[in-house]
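Student: Offset between the sequence shown (1-based) and our numbering: plus 7.
Just so it is clear, CB atoms sit at the ideal spot from N, CA and C, and this is done for glycine as well.
On a predicted model such as this, the values are computed, not experimentally measured, just so you know.
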Amino acid sequence: MEMEIASSSEPLDLDTIRSRISELEEIYRTCNDDDGFPEMPSSDSDELLQDCALQLESKVQQILADCSDVSFLGIEDLDAYLEHLKEELNTAEAENARITSEIEGLSRTNLEDSNRLESDIEMLKCSLDLISSQDSVKGIEGECFSYGEDQSELINSYGDQKLELVKRCVWFQIFKLDDQIEKSKTILKSMQDFDLTFKRLDTIEQIEAVFSGLKVIEFDGSCIRLSLVTFIPKLEDASCLQNLDDIGETSEVNHEFQIEVVTGSMEPKNVEMFPNDVYIGDITDAAKSFRQLHSEWPSLEMRSSLEWFVNKVQDRIVECTLRRLVVKHANHSRYSLEYWDRDETIVAHLVGGIDAVIKVPQGWPISPCPLGLISFRNPAHHSKDISLTFLCKIEEMANSLDVHVRQNLCNFVDAVEKALVEQTRLELQADKI
8 MEMEIASSSE
18 PLDLDTIRSR
28 ISELEEIYRT
38 CNDDDGFPEM
48 PSSDSDELLQ
58 DCALQLESKV
68 QQILADCSDV
78 SFLGIEDLDA
88 YLEHLKEELN
98 TAEAENARIT
108 SEIEGLSRTN
118 LEDSNRLESD
128 IEMLKCSLDL
138 ISSQDSVKGI
148 EGECFSYGED
158 QSELINSYGD
168 QKLELVKRCV
178 WFQIFKLDDQ
188 IEKSKTILKS
198 MQDFDLTFKR
208 LDTIEQIEAV
218 FSGLKVIEFD
228 GSCIRLSLVT
238 FIPKLEDASC
248 LQNLDDIGET
258 SEVNHEFQIE
268 VVTGSMEPKN
278 VEMFPNDVYI
288 GDITDAAKSF
298 RQLHSEWPSL
308 EMRSSLEWFV
318 NKVQDRIVEC
328 TLRRLVVKHA
338 NHSRYSLEYW
348 DRDETIVAHL
358 VGGIDAVIKV
368 PQGWPISPCP
378 LGLISFRNPA
388 HHSKDISLTF
398 LCKIEEMANS
408 LDVHVRQNLC
418 NFVDAVEKAL
428 VEQTRLELQA
438 DKI
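#1: List the DSSP bridge partners of E279.
#2: Between R105, C327, V334, which has its C-alpha nearest T237's C-alpha?
#3: For the candidate residues R115, E279, S121, E109, whose alpha-carbon lies nearest to that of D200?
#4: Can you grab the Cα-Cα spacing for the pair A363 / K319, in whole Å?
#5: Helix, strand or coil for Y35 per DSSP?
#6: Cα-Cα, which of C417, S340, I365 is closest to V333?
#7: Is DSSP giving H339 helix, strand or coil here?
#8: Can you check DSSP and say which residues form a bridge with S26?
#9: Hey, P372 and V410: beta-carbon distance below 7 Å or not?
#10: If we call anything under 7 Å between Cβ atoms a contact, is L313 one with P275?
#11: By Cβ distance below 8 Å, which residues in the same chain neighbour M198 in space, the five residues on each side in sequence not counted?
#12: What residue from G271, F397, P282, S272 has the CA that sits closest to F264's CA?
#13: Between P368, Q369, E402, G370, which has its C-alpha nearest R441's C-alpha?
#14: Should the region 91-108 be regarded as contacting the region 178-188, the criterion being three or more beta carbon pairs within less than 8 Å?
#15: With respect to the beta strand (DSSP E) encompassing I401, which residues constitute its N-terminal and C-terminal limits?
#16: Could you check if A405 is buried or exposed, using at least 16 other CB atoms within 10 Å of its CB as the buried criterion?
#17: Which one of Y342, K66, T37, I266 has the shortest CA to CA distance from D421?
#18: Residues in its own chain within less than 7 Å of E434 by CB, not counting five upstream and five downstream?
#19: Express the C-alpha separation of E345 and Q430 in angstroms, rounding to a whole number.
#20: Between the alpha carbons of Q180 and F205, how many angstroms are there, rounded?
#21: Is the CB-CB distance between I188 and I34 below 7 Å?
#22: For a test of the three-state rule: what should DSSP assign to I353, helix, strand or coil?
#23: By alpha-carbon positions, which one of V285, H262, L242, R207 ends up nearest to S234?
#24: Throw me the rounded Cβ distance for the D58 and R207 pair, which I believe falls under 8 Å.
#25: Can you say whether V358 is buried or exposed, counting buried as having 16 or more other CB atoms within 10 angstroms of its CB?
#26: K366 and T352 - do their beta-carbons sit closer together than 7 Å?
#27: Kindly list the residues whose CB is nearer than 7 Å to the CB of A426, restricted to its own chain and excluding five residues on each side of it in sequence; keep chain order.
#28: List the endpoints of the continuous beta strand (DSSP E) containing V236.
#29: Rounded to whole angstroms, what is the Cα-Cα separation between R27 and K66?
#30: Is the CB-CB distance between V354 and R323 below 7 Å?
#31: Based on the DSSP secondary-structure assignment, which residues constitute the bridge partners of V410?
#32: So, is A437 buried or exposed, given that buried needs 16 or more other C-beta atoms within 10 angstroms?
#33: Can the beta-carbon of I231 be found less than 7 Å from the beta-carbon of I266?
#34: In its own chain, which residues sit with a C-beta less than 7 Å from the C-beta of T270, not counting the 5 before and 5 after it?
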């Protein structure tokens with residue numbers, strides 16, 4: 008607002024001053040409307056939407072490019088890749104927290120300036136009322152004491168001096184308020200810029216939350232409710248089955264977690280999983296051990312046990328889901344298969360009532376690791392017919408098969424069944440002789 012100081016010899020226009028004060032009140036109301044910020048122009052909204060869309064497209068292309076070779080990475084490389092993604096997420100969250108703190112500081116400053124402006128405007132209005140009353144008094148004094156020229160001049164001289172003093176005070180307050188208004192406008196513009204940046208970062212954070220699949224539903228200080236969406240990769244290049252056309256019916260699985268944390272920290276204490284269809288007891292115990300180790304060695308640097316827990320649970324869900332899909336599609340008319348996630352074993356119910364227990368290696372079926380036969384289980388009425396030596400011989404034969412045979416579940420179970428039949432035939436022939 009541009010203003011010029013009137014010379015002391017010129018009369019002060021009270022209507023002009025009132026008009027200026029009305030302008031100040033209008034600016035004050037504009038800066039303190041219900042929305043908190045002036046409505047963002049349509050062009051700025053379009054620009055923000057376009058920027059967010061471009062950033063989303065760039066982020067998706069980057070993730071697709073980075074994930075194109077993920078299936079070929081080993082376990083250590085996958086952990087390093089996930090660690091890199093978490094570092095990027097932590098950096099974005101730290102920047103988001105910094106900007107939020109700055110916005111809160113600016114909001115407090117703006118509120119203080121706004122309250123001060125309101126007080127100054129009220130004081131200015133009171134000063135104008137005083138000027139108006141002085142003018143009225145001068146008129147009355149002129150009418151009442153017009154008979155004495157010397158006395159009238161004395162009264163007018165005193166009134167002019169007092170009025171001039173009030174004028175100078177009013178002009179000083181006007182310029183002071185004008186300066187504060189300019190500062191408030193600058194702060195308001197900065198807050199609008201910060202708000203725009205904050206909205207952009209919030210949009211990016213929401214996009215990253217979509218890709219990570221993790222969402223906090225509720226947090227009351229001692230208990231966290233999490234929603235976890237786990238994306239299941241396709242086994243297009245895996246060698247675990249003969250036919251992979253039917254694998255891919257499950258693209259994602261959803262779970263909720265009720266996690267009780269240690270007071271004053273984010274370390275898990277007790278965990279409940281819904282639905283409870285994947286065994287995570289060992290992961291929960293390991294997370295508690297991490298917490299105890301950290302309490303004994305506070306200087307030891309390590310990732311948050313809650314972060315580690317969520318990552319390991321998500322890995323377990325992926326492995327368990329894929330293994331169940333593979334087992335489901337490997338069932339044969341001659342035998343049936345079951346996967347036990349607690350022991351990480353597959354039980355093959357073969358013809359003749361014999362159960363072959365197959366150990367599933369770490370990373371299978373995503374990684375081409377060979378399966379292994381660890382034992383046989385046979386019902387009580389078959390225990391006398393099948394000797395331990397016979398079963399050990401079958402186990403040794405199965406585990407000496409070629410690696411590519413043991414990588415494929417169907418081929419491996421067929422080979423075990425074939426070895427069992429052939430060895431049984433040889434035993435019968437030996438008994439006849």
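Tutor: Walking through what the data contain:
#1: Working through the sequence shown from its first residue, we reach residue 279 at position 272. Partner(s): Q265.
#2: Within the sequence shown, the letter at position 230 stands for residue 237. Answer by Cα proximity: C327.
#3: By 1-based counting over the sequence shown, the position of residue 200 is 193. The residue with the shortest Cα to Cα distance from D200 is E109.
#4: Start at 1 with the first residue of the sequence shown, and residue 363 comes out as number 356. Start at 1 with the first residue of the sequence shown, and residue 319 comes out as number 312. Cα to Cα, A363 sits roughly 29 Å from K319.
#5: Sequence index remark: in the sequence shown, residue 35 carries index 28 (1-based). In the structure shown, Y35 sits in a helix (DSSP, three-state: H, G or I).
#6: The residue labelled residue 333 in the question sits at position 326 within the sequence shown. Nearest option by C-alpha distance: C417.
#7: Taking the sequence shown and counting its residues from 1, the one referred to as residue 339 is at position 332. Of the three classes helix, strand and coil, the one that applies to H339 here is coil, per DSSP.
#8: Counting from one through the sequence shown, the residue named residue 26 turns up at place 19. The partner list for S26 (beta bridge, DSSP) is empty, contrary to what the question assumes.
#9: The residue you call residue 372 lines up with position 365 of the sequence shown. The residue you call residue 410 lines up with position 403 of the sequence shown. No. Outside cutoff.
#10: In the sequence shown, the residue the question calls residue 313 occupies position 306. In the sequence shown, the residue the question calls residue 275 occupies position 268. Yes, the Cβ-Cβ distance between L313 and P275 is below 7 Å.
#11: Mapped onto the sequence shown, residue 198 falls at position 191. Hits under 8 Å: F44, I110, L113, S114, N117.
#12: For the purposes of this step, residue 264 is identified with residue 257 of the sequence shown, where counting begins at 1. Checked all of G271, F397, P282, S272; the closest Cα to F264 is P282.
#13: No answer is possible for residue 441: it lies beyond the span of the chain, which begins at 8 and ends at 440.
#14: no
#15: Within the sequence shown, numbered from 1, the residue matching residue 401 stands at position 394. Careful: I401 lies outside any beta strand (DSSP E), inside the alpha helix (DSSP H) at 395-406.
#16: Along the sequence shown, read from residue 1 onward, the residue named residue 405 stands at position 398. Buried is the call here.
#17: Here residue 421 refers to the residue found at position 414 when the sequence shown is read from its first residue. Closest by alpha carbon: Y342.
#18: Residue 434 sits at position 427 when you count from the first residue of the sequence shown. Excluding sequence neighbours, E434 sits near F397.
#19: Along the sequence shown, read from residue 1 onward, the residue named residue 430 stands at position 423. Along the sequence shown, read from residue 1 onward, the residue named residue 345 stands at position 338. Cα-Cα distance, rounded: 25 Å.
#20: Locating residue 180 in the sequence shown gives position 173, where the first residue counts as 1. Locating residue 205 in the sequence shown gives position 198, where the first residue counts as 1. When rounded, the distance between both Cα atoms is 36 Å.
#21: The count along the sequence shown starts at 1 and reaches residue 188 at position 181. The count along the sequence shown starts at 1 and reaches residue 34 at position 27. Yes, they are a contact pair.
#22: Residue 353 sits at position 346 when you count from the first residue of the sequence shown. Strand.
#23: Locating residue 234 in the sequence shown gives position 227, where the first residue counts as 1. Nearest C-alpha to S234: H262.
#24: Sequence index remark: in the sequence shown, residue 58 carries index 51 (1-based). Sequence index remark: in the sequence shown, residue 207 carries index 200 (1-based). Right, the Cβ-Cβ distance comes to about 7 Å (below 8 Å), so this counts as a contact.
#25: If you number the sequence shown from 1, residue 358 lands on position 351. When all chains shown are included, V358 counts as exposed.
#26: Here the question's residue 352 lines up with position 345 in the sequence shown. Here the question's residue 366 lines up with position 359 in the sequence shown. Yes, Cβ-Cβ distance for T352 and K366 is below 7 Å.
#27: As a first step, residue 426 must be located in the sequence shown, where it is residue number 419. Within the same chain, A426 has close Cβ partners I401, M404, A405.
#28: Working through the sequence shown from its first residue, we reach residue 236 at position 229. V236 -> beta strand (DSSP E) spans 230-238.
#29: On the sequence shown, position 20 is the one that residue 27 refers to. On the sequence shown, position 59 is the one that residue 66 refers to. Distance between the alpha carbons of R27 and K66: 51 Å.
#30: Locating residue 354 in the sequence shown gives position 347, counting from the first residue. Locating residue 323 in the sequence shown gives position 316, counting from the first residue. Cβ atoms of V354 and R323: not closer than 7 Å.
#31: The count along the sequence shown starts at 1 and reaches residue 410 at position 403. Its beta-bridge partners do not exist; DSSP assigns none.
#32: Position 430 of the sequence shown holds residue 437. When all chains shown are included, A437 counts as exposed.
#33: If you number the sequence shown from 1, residue 231 lands on position 224. If you number the sequence shown from 1, residue 266 lands on position 259. Yes, these two residues count as a Cβ contact at 7 Å.
#34: In the sequence shown, residue 270 corresponds to position 263, counting from 1. So the list reads S229, once near-sequence residues are dropped.
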